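*Asks:* What follows is a single structure, and I will ask about it in a moment.
Residue numbers (my numbering): 354 to 524.
In structure tokens, the structure reads:
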């Protein structure tokens with residue numbers, strides 16, 4: 354965390370879809386830059402989060418109707434309990450691992466998809482109970498966006514690593 358008064362420059366990649374969303378939001382908010390849009394959005398989300406933590410609810414209303422808007426990312430929706438999956442500390446990964454293994458749940462799931470394996474074949478390949486495979490499938494299907502984002506982050510980091518290695522060997 355930076356000290357008060359210090360600033361830190363951040364660089365990150367966004368997909369074309371995310372870029373479109375930022376641009377739409379920039380125009381909707383009447384702002385001039387993507388940076389201003391992101392920072393203002395963070396401020397809005399922080400205010401919402403603080404009120405939700407105090408027990409308030411987000412509601413959208415018309416003169417005749419009012420609905421409760423659920424924002425799971427802000428309200429801390431209860432996380433499902435997994436029998437065969439656990440979280441592990443990692444600087445940027447958030448997806449779950451197979452308990453007792455150094456194995457991401459998504460590795461099993463993606464292997465099943467790539468090799469057209471059914472649950473029984475995957476259970477045999479990875480020496481896991483069939484219930485564990487079913488749990489992995491449920492988890493991965495529910496967290497496709499997280500898995501996709503982490504795959505993109507890993508690819509970006511690998512490309513940066515290759516560039517760094519190449520630059521070290523060029524004399």
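From the three backbone atoms N, C-alpha and C, an ideal C-beta is built for every residue, glycine too. This one's a predicted model, so the numbers in the text were calculated from it and none came from an experiment.
Quick check on the DSSP output: the alpha helix (DSSP H) that includes residue 407 runs from which residue to which?
*Replies:* Per DSSP, residue 407 belongs to no alpha helix (DSSP H) and is neither H nor E.
*Asks:* Considering only their Cβ atoms, is the gap separating residue 445 from residue 493 smaller than 7 Å?
*Replies:* Against a cut-off of 7 Å, the Cβ pair of residue 445 and residue 493 comes out as no contact.
*Asks:* Run through DSSP, which three-state label would residue 397 get?
*Replies:* Note: residue 397 maps to helix in three-state DSSP.
*Asks:* Does the stretch 495-505 come within contact of the stretch 442-461, defined as at least 3 CB pairs closer than 8 Å?
*Replies:* Yes, they touch.
*Asks:* What residue range is occupied by the uninterrupted beta strand (DSSP E) comprising residue 499?
*Replies:* Counting along the chain, residue 499 falls outside any beta strand (DSSP E), though it belongs to the alpha helix (DSSP H) covering 497-522.
*Asks:* Helix, strand or coil, according to DSSP, for residue 419 in the structure here?
*Replies:* Strand.
*Asks:* What is the C-beta distance between residue 405 and residue 378, in whole angstroms, given that I count them as a contact (C-beta under 8 Å)?
*Replies:* With 8 Å as the limit, residue 405 and residue 378 do not qualify as a contact, their Cβ atoms being about 21 Å apart.
*Asks:* So what's residue 457 in DSSP terms, helix, strand or just coil?
*Replies:* Residue 457: strand per DSSP, three-state reduction.
*Asks:* For residue 359 and residue 417, what's the separation of their Cα atoms in angstroms?
*Replies:* Cα-Cα distance, rounded: 48 Å.
*Asks:* Name the two residues that bound the continuous alpha helix (DSSP H) containing residue 365.
*Replies:* Segment: none, residue 365 is in no alpha helix (DSSP H) and carries neither H nor E.
*Asks:* Based on the DSSP output, what are the partners of residue 438 in its beta bridges?
*Replies:* Residue 438 is bridged to 451.
*Asks:* How far does the alpha helix (DSSP H) with residue 477 in it extend, from its first residue to its last?
*Replies:* From DSSP, the alpha helix (DSSP H) with residue 477 extends over 472-479.
*Asks:* Could you work out which residue in 464, 507, 409 is closest to residue 486 when comparing CA atoms only?
*Replies:* Minimum Cα distance to residue 486 is reached at 464.
*Asks:* Rounded to the nearest angstrom, what separates residue 397 and residue 436 at their Cα positions?
*Replies:* In a straight line, the C-alpha of residue 397 is about 37 Å away from that of residue 436.
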